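Under my numbering, the residues of the sequence shown are numbered 70 to 489, in order.
Note that CB positions come from ideal geometry on N, CA and C, so glycine has one too.
Note that the structure is a prediction, hence the values are computed from the model and not measured.
One structure is given here, and the rest of the page talks about it.
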Amino acid sequence: MKVLAIIAEYNPFHKGHLYHLNNAIKLIQPDFTIAIMSGNFTQRGEPTIIDKWARTRMALENGIHLVLELPTLYACQTAEVFAAGAVEILHQTDLVTHIAFGSEYHNLKHLNIIAEILAEEPLAYKRLLKSGLNQGLSFPAARLRAIQQYIRDIYGEDKLPSQLIERILKGSNSILAIEYLKALMRLKSTIQPVIIPRVGSSYNTEAIEGQYSSATAIRKSILSGEEWACISHTLPSVSLKILKDSINRGRGPVSINSFDQLLLGMLRQAPFSEIASWMDVEEGLENRIKRFAQKCTSIQDFLLETKTKRYTYTRLQRILIHGLLGIKTQDVIRFHKNGGPSYIRILGFNTEATPLLSKLKKTSNLPIITKPAHYYRYGLENINIMFEHEILATDLYVLAFPNPDQRKGGQELTQDIVRI
């Protein structure tokens, strides 16, 4: 049985995602496709524009057989932690045979060279990285220089030229691709990686540019209140229908600005020691956070004032979400030491997925959660802690819905699995 997996956010599911899915299916010819998807908060530290159940329906209606959830403890993290969590879950299914991902750079051999260095962290590389950090370089800059120098020293400049390495590590999808490869290497996984060339706008492009526009541009158009006609050509018709339905019901659109007062209030109230314990906060950053939380009157102002070369806008957004959800450094370390994600949570499936689900229940090395309200029945502390973060994430996420009637707590436990 061939089982293709895709790691995604589908925020929202657009024509670029459909292109990626269809080309992966054409190339691999799988019996089934699985998507492992972020919940209500993303890798960039943003709430999703509509909730995870609506986005699950988008994925299923567009051809995915089974949607699994990437727990928030992994979804709202650096590319390394995000990729490690997603790949670990797919590996633990003992079913997935292929993983397909997009990348700005398409040479798998070259990406594997970089991934192997990062996976094995040879001593010479670690010394080069430490040297760069000691000279005041940001981590990405120090890592780039260390990789370039290490490859020159070990393989020679012709093996992978420094300029090419820099170009590869400037692509957000290429960085994720390397992290997926690294995670597969560390697990010694038999899952085969496949690159699908990315088409259309780059991930961060904010302007609508034809049918293959970025999710960033699509979200910006929606949040700006532009007419549906501005984005209708960028989404599969079923995605557009689901998106419109969610927004008409007042279950979106949601953005980080929807949490403006909640986040500022949290920052002003939290003691320095509390902020210092949040994931991604390095020594001294809590002082800067506190200072600008008092000075600024909106979260956008806070992010713009607080960011530096070292503390990027995206990293600060993640820190805000970590604070909101109570995600601390020790939480992530705990799960890393204990082998990663504690369960496999099913968000939705289609009628064709019945044989896949039956097989998954036999092969999975992790407990499978199909009834969220019963998560505690496993009696395992790690499952309880991880899933209770999920409950809180949804309880706070729904507070941003425009329709007050949709803001009730407990939805994590009462929403049914999406079936089509």
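Helix, strand or coil at Ala-276 [DSSP, three-state]: Coil at Ala-276, not helix or strand.
Reference Gly-132; option with closest CA among Pro-305, Val-350, Thr-166, His-458: Checked all of Pro-305, Val-350, Thr-166, His-458; the closest Cα to Gly-132 is Pro-305.
8 Å Cβ cutoff met for Lys-84 and Tyr-249: Not closer than 8 Å, so no.
To the nearest angstrom, report how far apart Pro-81 and His-458 are at their CA atoms. Looking at the two C-alpha atoms, the distance is approximately 23 Å.
Using only alpha-carbon positions, find the residue among Glu-481, Ile-75, Leu-332 that is nearest to Gln-261. Closest by alpha carbon: Ile-75.
My output table needs one value for Lys-397: the three-state DSSP class, helix, strand or coil. Three-state DSSP puts Lys-397 in a strand.
Just the Cα atoms here: how many angstroms apart are Glu-314 and Leu-213? Note on residue identity: the sequence assigns Asp, not Glu, to residue 314. Rounded to the nearest angstrom, the gap between the Cα atoms of Asp-314 and Leu-213 is 44 Å.
Beta-carbon proximity of Val-401 to Val-136, cut-off 8 Å: With respect to Val-136, Val-401 sits apart: the two C-beta atoms are not nearer than 8 Å.
Counterpart residues of Gln-261 in DSSP-defined beta bridges: When beta bridges are read from the DSSP output, Gln-261 appears opposite His-167.
Label Ile-489 either buried or exposed according to how many other C-beta atoms from any shown protein chain fall within 10 Å of its C-beta, with 16 as the threshold for buried. By the neighbour-count criterion, in which a residue is buried when 16 or more other Cβ atoms sit within 10 angstroms of its Cβ, Ile-489 is exposed.
Are there three or more Cβ pairs, one per stretch, closer than 8 Å when the segment 411 to 426 is compared with the segment 478 to 489? Flag = yes, the segment 411 to 426 and the segment 478 to 489 touch.
Do you know whose CA, among Asn-181, Lys-178, Ile-452, lies nearest Gly-408's CA? Nearest option by C-alpha distance: Ile-452.
Give every residue of the same chain whose Cβ lies closer than 7 Å to the Cβ of Tyr-380, excluding the five residues on either side of it in the sequence, and list them in chain order. So the qualifying residues of the chain are Leu-354.
DSSP-derived helix/strand/coil call for Leu-253: Residue state, collapsed to three classes: helix.
Does the segment 476 to 483 touch the segment 460 to 467, meaning 3 or more C-beta pairs lie closer than 8 Å? Contact between the segment 460 to 467 and the segment 476 to 483 is present, because at least three Cβ pairs lie under 8 Å.
Which residues DSSP lists as bridging Ile-415, in chain order: Paired residue(s): Leu-137.
Just to confirm before moving on: does the CB-CB distance between Tyr-194 and Ala-169 stay below 8 Å? The answer is no: Cβ separation not under 8 Å.
For Ile-490, three-class secondary structure by DSSP: The requested residue 490 is not part of the displayed model; the chain covers only 70 to 489.
Do Asn-326 and Ile-368 have their C-beta atoms within less than 8 Å of each other? For the 8 Å CB-CB criterion, Asn-326 and Ile-368 form a contact.
Let me know the secondary structure DSSP gives Ala-104 once reduced to three states. DSSP places Ala-104 in the strand class (E or B) of the three-state scheme.
Kindly indicate which three-state DSSP category Val-156 falls into: helix, strand or coil? Correct three-state label for Val-156: helix.
What's the gap between the Cα of Phe-341 and the Cα of Ile-220? When rounded, the distance between both Cα atoms is 42 Å.
For Leu-435 and Leu-96, I'd like the C-alpha separation in whole angstroms. Going by C-alpha positions, Leu-435 is about 29 Å away from Leu-96.
Just tell me which of Arg-384, Thr-141, Ser-346 has its CA closest to the CA of Ser-107. Considering only alpha carbons, the answer is Thr-141.
Going by CA-CA distance only, name the one from Ile-413, Asn-472, Tyr-444 that's closest to Asp-163. When only C-alpha atoms are compared, the closest one is Ile-413.
Evaluate Ser-346 with the Cβ neighbour count: other Cβ atoms within 10 Å of its Cβ, from every protein chain shown; 16 or more gives buried, anything less gives exposed. Ser-346 is buried by the Cβ-count criterion.
Determine the direct distance from the alpha carbon of Thr-439 to that of Glu-364, and round the result to whole angstroms. Note on residue identity: the sequence assigns Lys, not Glu, to residue 364. Here the alpha carbons of Thr-439 and Lys-364 stand approximately 45 Å from one another.
If you reduce the DSSP assignment to three classes, tell me which class Val-150 lands in. For Val-150, the three-state secondary structure derived from DSSP is helix.
Once the 5 residues before and after Asp-227 are set aside, which same chain residues still bring their CB inside 7 Å of it? Closer than 7 Å at the Cβ level, and outside the excluded window around Asp-227, lies no residue.
Integer-rounded CB distance, given that Ala-128 should sit under 8 Å from Tyr-79: 6 Å between Cβ atoms; contact.
I'd like the span of the beta strand (DSSP E) that includes Leu-73, first residue to last. Element bounds for Leu-73: 72 to 77.
Exposed or buried, what is Gly-77 when buried is set at 16 or more other beta-carbons lying within 10 Å of its beta-carbon? Checking the sequence, you will find Ala at residue 77 rather than Gly. In summary, Ala-77 is buried, with 16 or more beta-carbon neighbours lying within 10 Å of its beta-carbon over all protein chains present.
So, are the CB atoms of Thr-513 and Ala-144 less than 8 Å apart? In the structure displayed, the chain extends from 70 to 489; residue 513 sits before or after that span and is not available.
Asn-472: buried (16+ other C-beta within 10 angstroms of its C-beta) or exposed? Exposed, by the Cβ-count rule.
Whose C-beta lies closer than 6 Å to the C-beta of Leu-312 among residues of the same chain, with five residues either side of it excluded? Excluding positions up to five away in sequence, the list reads Pro-81.
Across which residues does DSSP place Val-268 in a beta bridge pair? According to the DSSP secondary-structure assignment, Val-268 is paired through a beta bridge with no residue.
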